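Here's the structure we're looking at; comments come further down.
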Amino acid sequence: MYSEYDHLNLPKIDQAILEFWEKEEIFDKSVEGRDPDNAFVFYEGPPSANGKPGIHHVMARAIKDIICRYHSMKGKRVERKGGWDTHGLPVELQVEKELGITKDDIGNKISVAAYNAHCRETVMKYKSVWDDLTVKMGYWVDLDDPYITFKNEYIETVWYLLKKFYTKNLLYKGYTIQPYSPGAGTGLSTHELNMPGAYRDVTDTTVVAQFQVVRDDTSDFLWDDMEDRTDLYLLAWTTTPWTLPSNTALAVGPAINYVRIRTMNPYTGIPIRVILAESLISKWFDPAGEHGDFGGYKAGDKTVPWVREAEWKGSELDGVRYEQLLPYLQPDDGDAFRVLVDAFVTTEDGTGVVHLAPSFGADDRRVAQKYGIGSLTMVDKKGKFVEEAGEFAGRYVKDYQDEGDQFTAVDIDIAVKLKKENKAFNIQKYVHSYPHCWRTDKPILYYPLDSWFIRSTAMKERLVELNKTINWKPASTGEGRFGNWLENLQDWNLSRSRFWGIPLPIWRTADGSEEKCIGSIEELDKEIAVANESLGLEQSVPEDLHRPYIDEIVLVSESGEPMKRETDLIDVWFDSGSMPYAQWHYPFENEEKFKENYPADFISEGVDQTRGWFFTLHAIAGMLFDSVAFKNVISTGLVLDKNGQKMSKRHGNAIDPFKTLSEKGADATRWYMISNAQPWDNLKFDLAGIDEVSRKFFGTLYNTYSFFALYANIDKFKYEEPDMTWEERPEIDRWILSSLHTLTKEVDELFGAYEPMQAARKIMYFVDDQLSNWYVRLCRRRFWKGEYGADKIAAYQTLYECLTTTAKLIAPIAPFFGEWLYKNLNDVSQLEPYESVHLSLMPTVKEDQIDQALEERMGYAKRISSLGLSLRKKEQIRVRQPLQKIILPVLDPRFEAQVRAVEDLILAEINVKQIQYVTDTSGIIKKSIRPNFKTLGRRMGKNMKAAAALINQLGQEEIAEIEKSGGYQLQIDGEDYALTLEDFIIGSEDIEGWMVAKDDEITVALDIQLSSDLMAEGIARELVNRIQNLRKEAEYEVTDRIEVEMSRNATVLPAVEKFSAYIKEEVLADELIITENLEGQEVELIDGEKIKILLHKN
RNA sequence: AGUCCCGUAGCUCAGCUGGUUAGAGCGCUACACUGAUAAUGUAGAGGUCCGCAGUUCAAGUCUGCGCGGGACUACCA
């Protein structure tokens, strides 16, 4: 017996299926049962379990699950090793919050050992919550043996990889400009800079400084047309005057136009000439002063006179020297105080000349290095000027001492000094947004810090090339966002001055002249032994490779000097990018396993991981193994609330995934997410959408199954008979099977092409429109009428195949309902040897059953039926009232043949006795004609418009002529065009004397004349309907036989006389009796006509 | 600031290599149907396809410039 249910309850199905999976270990079987040599490799991007999962995790993991389940059902072995990301700043921050400490307290109030121990605990805080979600949403991943990034084995592999970089000379120590908080005494990560509230508007004193040009061979041309010998200055703007003493160069844009302007210094009144970008003149000069009175100008006057004198391209200024602005100290390397040319300079603001302080700006440093110019670092790590800074020595550049009102801004003093010395052209307050340290609330500095880098720039070309072999979904992320990122690749800054993370395995002598990089525990052990002997120590490899234990190890150099570990940790992104190797502890263990599972066929994460995990996987694989790490990748979008806002606890619009899953069911949630938007588009998550999916899609599929189960149980259909041959099946069965296999083919291709949304939508269309609303609706009678014979068996077999195939097609997206449906069917029929749909194989496409002509003519049937019903509606004639005929203009012989093949279906659907096919020879059809732009456009080109006008006005005779001769000569603009039938779209327009309905090229007319026979039959059908309703009210079984008594009624009599056999058969009545004065149920028939009916069960 | 995604009916989204009446579902209104019934059918209302310019015989579709939402990277005078 097929199981029958009272109603659809998705959460209940989830539970039952989960129990089944667990008891029978279906996941294990789905992996173990497949051949290891036929693997589909998936990498799990490790989540961090120190926070709770959100609804977006359901989305991300649904995608992963769908692709993996699909390939498993294609016969692949899909191992899915889970993993946990355990290091990094978020963990540290959480611990600090829990303990109520700051970074400064680490090592003082709390030991590093205790701190790290706490991190280790915290990081798995919500592991059980995550595991719970994984199970409940039906995400199949191996949770028993996950990789964990803080384990020694994992760290050892990471060390192995780092050593590989080191020996390839791709790992180096360098000096870069990084965000730095003098208050906290630490560098900040970009993550910290991007924390909410980090950027704040501040008011700074800005200065346009005058850098005096040195007149020499290089710069002489700047004076060429000058009569007097006024001093010449380059104008450069800065929002950070405190960096001016550290200035070592100026930069101009190569393509920017610069002008020389004669004017006066507004503070000193001294005549000067200045150079700045042409497009920024108006920013600094009042138009009223142009060609003003130089002679009458006094310092402080409002309008400063100026005149434009000469102009040059930025590239011409290359190498021009200038006097150091504030000469306290000079760099001891490089040829400083020159004009440099670089494209980063813009004319957005400032003067188009950029002041470069290479110690305090990343761009500054980059350009200075390009030209080999050194730097000055006139501010120390506390944020105050160094001793050499003259009158400013010891002063803090910002209020880092928390002096509040007592703090006097050194920026202002610098500005005043410049003003006095005729070196300031303009001083003003300026409001802009500037990053602040989230911990001290003070503005950060950009400061040069020591860091370890991976020389990714050295391998850039190869990484770009390898990327081109990766299949990105969507492609634009791969080419655009990721591709551009690779094109502009910078060296990868690995260093983090933190505590909880993988320690950099590099030991150095005090002077940095000798160093060692350790690539394994065994190597460390050997080095320790050497050091112990040489230095007389008794060290051993620590049990925990984290700080502080690893810091205590002292090694010895070749020359016998002691070496200490570089205290840096490495970027956690390196951890996750190492997972293809480290999850197997390669190369120390599992070499075979690793090779079988490298690279990945598929990965998927949020698009925000493009420069995160996607990059680190790619970089490590490309640089060390000359391979991609993954062949296919889906980068998923965000999950927003239904109004398109980001979900957050703060806004109270976050959706609880557990509540959603338990109330709506996992499958409805998954199906909704997948079918609603492309995975890479942002999803506007609306709970009402899940209800819709659940009602419309799962409800319909459930109803279809219930319908099948109800009658299959009555008829004891268990699919024991041999398959009906193609010839034995009626047209409609062939059609639904053809559609089914077309669907199977498309869905298979779409899953294979990583397009789950398209697959889901195709399935929905099939289930709702084709299977339920057409096949089942039209075939209902076949299931409950008549004997258990060939036609009935064909119907059962067909519907069974549709349902079981659908179960397989939906299984990747809706694993629970797919399983439920499959088992309900297959457990009874035992047609397939699988205990689970997830152990079965995707259905094979029966190409020979796909019949496009058949699908086309069924399309005609649907459209013609729809037009017929539409006409009935207009004429207000009930569908139960049979009509004599519809009239259908025949477009061409093929059309007629196609419609004739499905005629019975149309007649039954719209309750009409016959179709009258009329050809144009009868003269009652008016035809319409349109040009076929697709075939004509290319040939006609410019004449297309004229041609369309001509064709549109062709009359009936001409259309008839075209149809007869199959062609037409068109003349436009003296040109002849020979058109064929293909170049026209001819349809039927009207049938004279009839009310018609049209749908594109098809037109239908309905004969609404009623004969007495038709009326009687109409009444008979009304009677059947009323009796059926009464049967239902009386709660008779669908198989009960009955006896019917009716009151005498003039309208009803002819119907009973002529159609009593029909009525009896329809309502399963043995007797149909007319009784005078019957005491029965009164029901209304039509037009207010009433009749009494009484039923007895026989 | 740069790169990428998105912008089509009240809502969620289709719309293939450009081809002439721009679609679906939900929601709304009315009517019908009923041995699947929290389903279904028919009809109706609802669109400057974000804007502007260009290419073309022809643009929702291609190009450019904007606008709005989002993500990432950066924040620099």
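Under numbering that gives the first Met the number 0, the residues of the first sequence are numbered 0 to 1097, in order.
For every residue, glycine included, the Cβ atom is placed at its ideal position computed from N, Cα and C.
All of these numbers come straight from a predicted model, not from anything done at the bench.
When the Cα of residue i is compared with those of the options, which residue comes out closest?
i	options	result
I176	N910, H354, S374, I1090	S374
V627	T468, S839, D543, K369	T468
L328	N246, W305, T204	N246
G1017	D998, P181, S1059, Q323	S1059
T1074	V258, M1045, N772	M1045
L1029	L1094, F765, P89	L1094
Y159	D768, S705, P52, I501	I501
S29	K963, S839, V463, W484	S839
V207	D216, P181, L221, T242	T242
G389	K416, D404, D401	K416
M723	A789, G785, G751	A789
Q323	G858, Q209, D216, G252	Q209
S1011	L1052, A959, F782, V529	L1052
F894	L853, E908, N931	L853
I905	Y774, F613, L616, V251	Y774
Given this structure, state the Cα-to-Cα distance separating residue i from residue j, to the nearest angstrom.
i	j	result
I689	W670	8 Å
K102	L88	11 Å
M1105	Y795	Since the displayed the chain opens at 0 and closes at 1097, residue 1105 lies outside it and no answer follows.
R461	R394	49 Å
G605	D203	39 Å
I885	G867	8 Å
G268	A298	4 Å
F573	H435	27 Å
T703	Y710	11 Å
Y433	K135	45 Å
I1062	V1055	8 Å
L639	L686	12 Å
I654	F498	34 Å
R733	G44	46 Å
Grouping DSSP H, G and I as helix and E and B as strand, with all else coil, what is residue i?
i	result
L503	coil
W139	coil
E604	strand
W722	The question names Trp, but residue 722 is Asp in the sequence shown. Three-state DSSP puts D722 in coil, outside helix and strand.
T247	coil
K75	coil
N8	coil
R320	strand
E3	coil
N1028	helix
W679	coil
H584	coil
S1137	Nothing about residue 1137 can be reported from this structure: the residues present for the chain run from 0 to 1097 only.
V30	helix
K515	strand
P561	strand
Are the beta-carbon atoms of residue i and residue j separated by less than 7 Å?
i	j	result
Y266	K381	no
F452	G173	yes
A342	L355	no
L488	K441	no
I280	P678	no
What are the residues that DSSP puts in a beta bridge with residue i?
i	result
M263	P270
S455	In the DSSP output, where bridge partners are listed per residue, S455 has none listed.
L568	R495, P502
E1044	I1072, L1093
D449	Y174
G82	Y146
H435	P442
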